[in-house]
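Below is one structure, written out as structure tokens; the observations come after it.
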Amino acid sequence: MDPLVVLNNVSMAYGKGASAVPAIEDVSLDIEPGEFIAVVGPSGCGKSSLMKLISGLHPVSKGELKVKGETVTRPLKSVGMAFQNSNLLPWRTCVDNVLLPLEIVPPHRQRIGSHRAEYKQKAVDLLNSVGLTGFTDKFPWQLSGGMQQRASICRALIHEPEVLMLDEPFGALDAFTREELWCALRDIHAARGVTVMLVTHDLREAVFLADTVYVMSNRPGRIVKKCRVTIPRPRDLEVTYTAEFQDVVHELRSMIGGKH
Amino acid sequence: MDRDEFMVKVVSPAAFTIGLFVIWELACRVFSIPLTILPAPSVIFAALIEFRAPIISNSWVTLWTTLAGFALATVFGLLMGIAVGWHKAIYAGVYPLLVGFNSIPKVAVVPVLILWFGLGEIPAILTAFLISFFPIVVNVATGLATTEPELEDVLRALGASKLDIMRKVGIPRSLPYFFGSLKVAITLAFVGAVVSETVGANKGIGKLMLDAQAAFQVQIVFAGLLVLAVLGILLYICTALIEKRFTGWAFRGQNR
């Protein structure tokens, strides 16, 4: 199968000319359809920039970036994004927040006015599937942080994107909630077969969830290590306590700089 | 409303207001303050009743000129705020002009308005408008400018246009700022209308006070001030209620 996303010696910089600040340098990677990749690295290494690049929000300054065989020059529409902050709109209920992308993306934006009930059912089903049954008509501030993050991921999924991009989505959650959401994300990936790109600085999270982990160096970000996680799926949380898991985490940790 | 809430929201403001008038009355009597310096509340209330006909007709003029100016300011302020918040270049270009314009004391503009439009309600309406649109523009523009960049990324990645982002996020987001600014704007509009009337007009509370002052009827001047204070409170309450009605989501946890 052809890769869904191809990066060939891609560089990217913020600003132009002599004052341009390089964010990513000479990055090459492929993402297969349905693959779960994680990008880890020290803070400020360009992980989020890589996400902006692939979603078409920021142009490539050098190299080649293709999604589904086409060179990316503008926002893709086939991408769903979620961030550390759930960014739900406080004036909309949970289900209306999830419906937001459908009011933007064609062909749904033309249909949603007349088929609202149908779309709403779809959103409710999606929310139910991540354990938010009974909270669909609540406002974001009536939900806990973990619930808000689940809703935010639903919003990223509702238009059935080909790539789900998550930028440290669990960074602001407590350890227990975070593990709960790992499992929720694992199940979403398994059930929907969506391609996922997860940016994180939590190595355990990366190894638990991903098929392939990329380690980036300090700014300007380069990929210093590509690591295939061979732990078989479905993975249970127990797996994180095995020696095999710890070894992978250890190896990744040694690739990332900083004082110990 | 339970007992504690009733104490805080009704009894407390009433007690403070009545207390103020009682102290005022006592001070006037104990120190025998002359009527021409500071009339006692009892004298002022008597004047209110005695001169109720001219007070009501002039209040009406002040009230509607205020509301007309405020309505203009709301429409113009909202449109201008959206324009200013739309793009950084417009913001950078227009903002210094706005600040400069806002710095001109509006009393100084009234003679020009009278020159253009003659004595009457129009200078008062325009003064009310000119003095009150600025906070609306600034608040709407701030609301738009503070949209979370991540949220914008989420929508832009879906191919959303600037207009989409404004409609779905920017404008709803700036509504609490907008309604909040209305409370400030309505009181300013009221000040503007009265200022214009005291500089030159043929009707209105400001004009009534000016005439009373010239005739040394100090109790009518104070009756006018009292009417202005009451009207100001009523207008403020109206806009505060509208604000609550439309942007309840921004006041979560306070009344739910």
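Chains as they are written, first to last, in this note's numbering: chain A, 1 to 260; chain B, 1 to 256. A virtual CB, placed ideally from N, CA and C, is assigned to each residue, including glycine. Keep in mind that this is a model prediction, so the values were computed, not measured.
Report the rounded CA-to-CA distance for residue i versus residue j, giving the unit in angstroms.
i: B/Asp248; j: B/Leu175; result: Looking at the sequence provided, one finds Gly at residue 248 of chain B rather than Asp. One C-alpha to the other measures close to 11 Å.
i: B/Leu144; j: B/Ile44; result: 47 Å
i: A/Cys94; j: A/Val130; result: 13 Å
i: B/Ile233; j: B/Leu225; result: 12 Å
i: A/Gly80; j: A/Ser152; result: 10 Å
i: A/His260; j: A/Ser254; result: In this predicted model, A/His260 has a pLDDT of only 49, less than 50, meaning its place in the structure is not dependable; the value taken from the coordinates is given anyway. Whole-angstrom Cα-Cα distance: 10 Å.
i: B/Asn139; j: A/Asn87; result: 21 Å
i: B/Lys9; j: B/Trp60; result: 29 Å
i: A/Glu205; j: A/Ala184; result: 13 Å
i: A/Gly17; j: A/Val199; result: 29 Å
i: B/Ala40; j: A/Phe139; result: 53 Å
i: B/Ala215; j: B/Ala240; result: 38 Å
i: B/Arg256; j: A/Val21; result: Caution applies to B/Arg256, whose pLDDT of 40 falls short of 50 and renders its modelled position unreliable; the value that the coordinates give is listed next. Straight-line Cα distance between these residues: approximately 48 Å.
i: A/His159; j: B/Asp2; result: 48 Å
i: A/Gly63; j: A/Val5; result: 14 Å
i: B/Phe21; j: B/Leu78; result: 40 Å
i: B/Leu155; j: A/Ile256; result: 33 Å
i: A/Arg150; j: B/Ala160; result: 23 Å
i: A/Thr136; j: A/Glu162; result: 25 Å
Measuring alpha carbon to alpha carbon, tell me which residue in the options is nearest residue i.
i: A/Arg233; options: A/Thr93, A/Ser217 and A/Phe36; result: A/Phe36
i: B/Pro111; options: B/Leu144, B/Ala27, B/Ala250 and B/Ile122; result: B/Ile122
i: B/Ala193; options: B/Lys207, B/Gly180, B/Lys183 and B/Leu182; result: B/Lys207
i: B/Leu188; options: B/Pro41, B/Val10 and B/Ala124; result: B/Ala124
i: B/Trp116; options: B/Gly19, B/Val218, B/Leu26 and B/Gly200; result: B/Gly200
i: A/Lys226; options: A/Tyr119, A/Gln246 and A/Glu251; result: A/Glu251
i: A/Leu53; options: A/Val72, A/Lys68, A/Asn218 and A/Val40; result: A/Val72
i: B/Pro149; options: A/Val67, A/Asn85, A/Thr136 and A/Glu64; result: A/Asn85
i: B/Val191; options: B/Ser12, B/Arg156 and B/Leu235; result: B/Leu235
i: A/Asn218; options: A/Val6, A/Gly15, A/Val105 and A/Glu25; result: A/Glu25
i: A/Leu157; options: A/Gln142, A/Gln148, A/Val60 and A/Leu126; result: A/Leu126
i: A/Met51; options: A/Val248, A/Ser11 and A/Gly113; result: A/Ser11
i: B/Ile131; options: B/Leu151, B/Pro105 and B/Ala141; result: B/Pro105
i: B/Ile165; options: B/Gln219, B/Asn58 and B/Gly85; result: B/Gly85
i: A/Ala175; options: A/Ile256, A/Leu237, A/Ser43 and A/Glu32; result: A/Leu237
i: A/Met165; options: A/Gly15, A/Gly146 and A/Leu57; result: A/Leu57
i: B/Gly81; options: B/Gly170, B/Ala14 and B/Ala128; result: B/Gly170
i: B/Pro172; options: B/Val195, B/Asp153, B/Thr146 and B/Val184; result: B/Thr146
i: B/Leu97; options: B/Val137, B/Leu210 and B/Ala108; result: B/Val137
Could you tell me whether the Cβ of residue i comes closer than 8 Å to any Cβ of chain B?
i: A/Met81; result: yes
i: A/Leu7; result: no
i: A/Asn128; result: no
i: A/Tyr14; result: no
i: A/Leu76; result: yes
i: A/Phe135; result: no
i: A/Asn97; result: no
i: A/Pro107; result: no
i: A/Leu164; result: no
i: A/Asn87; result: yes
i: A/Val10; result: no
i: A/Phe139; result: yes
i: A/Pro220; result: no
i: A/Trp182; result: no
i: A/Pro101; result: yes
i: A/Lys259; result: With a pLDDT of only 47 at A/Lys259, under 50, the local geometry of the prediction cannot be trusted, and the value read off the model is given with reservation. By this cut-off, A/Lys259 is not an interface position.
i: A/Pro3; result: no
When you compare the CB of residue i with every CB in chain A, is at least one pair closer than 8 Å?
i: B/Asn255; result: Reliability fails at B/Asn255, whose pLDDT of 43 lies under 50, so the model's placement of it is uncertain and the value that follows must be treated cautiously. Chain A, which has no Cβ nearer than 8 Å to the Cβ of B/Asn255, makes this no.
i: B/Leu188; result: no
i: B/Glu243; result: no
i: B/Trp249; result: yes
i: B/Ala157; result: yes
i: B/Ala89; result: no
i: B/Lys9; result: no
i: B/Lys106; result: no
i: B/Val230; result: no
i: B/Val221; result: no
i: B/Asp153; result: yes
i: B/Pro268; result: Residue numbering for chain B in the displayed model covers 1 to 256; residue 268 of chain B lies beyond these limits and cannot be assessed.
The ligand NAD heavy atoms versus the CB of residue i: any closer than 7 Å?
i: B/Pro41; result: Ligands are entirely absent from the displayed structure, and the ligand NAD is therefore not among its contents.
For a cutoff of 8 Å on Cβ pairs, would you count residue i as touching chain D?
i: A/Ile104; result: No chain D appears in the structure shown, which is made up of the protein chains A and B.
query: What are the uninterrupted segments assigned as alpha helix (DSSP H) that are 4 or more residues long and contained completely in the segment 58–110 of chain A, given in chain order?
result: 94–99
- prompt: If you measure beta-carbon to beta-carbon, which residues of the segment 33–58 of chain A are closer than 8 Å to chain B?
  reply: Along the segment 33–58 of chain A, going in chain order, the ones with a CB nearer than 8 Å to a CB of chain B are Lys52, Ser55, Gly56 and Leu57.
field: Against chain A: residues of the segment 125–151 of chain B by CB proximity under 7 Å
entry: Against chain A - using a Cβ distance shorter than 7 Å - the residues of the segment 125–151 of chain B are Glu148, Glu150 and Leu151.
task: Enumerate, from N- to C-terminal direction, the unbroken alpha helix (DSSP H) stretches of 4 or more residues contained entirely within the segment 110–182 of chain A.
output: Entirely contained in the segment 110–182 of chain A, the alpha helix (DSSP H) runs reaching 4 residues are, in chain order, 116–129 and 145–157.
- request: Any chance you could list the alpha helix (DSSP H) runs of at least 4 consecutive residues sitting entirely within the segment 120–150 of chain B, in chain order?
  value: 121–145
- prompt: Which full runs of the beta strand (DSSP E) of 3+ residues lie inside the segment 49–129 of chain B, going along the chain?
  reply: Here no run is fully enclosed.
field: Ranges of the alpha helix (DSSP H) found wholly within the segment 195–222 of chain B, counting only runs of at least 4
entry: 205–214
query: In the segment 159–170 of chain B, which residues sit with their C-beta less than 8 Å from some C-beta in chain A, listed in chain order?
result: Gly159, Ala160, Asp164, Lys168 and Val169
message: Any C-beta of chain B within less than 7 Å: which residues of the segment 167–180 of chain A qualify?
response: none
message: If the cut-off is 9 Å on Cβ atoms, which residues from the segment 28–47 of chain B count as contacting chain A, listed in chain order?
response: none
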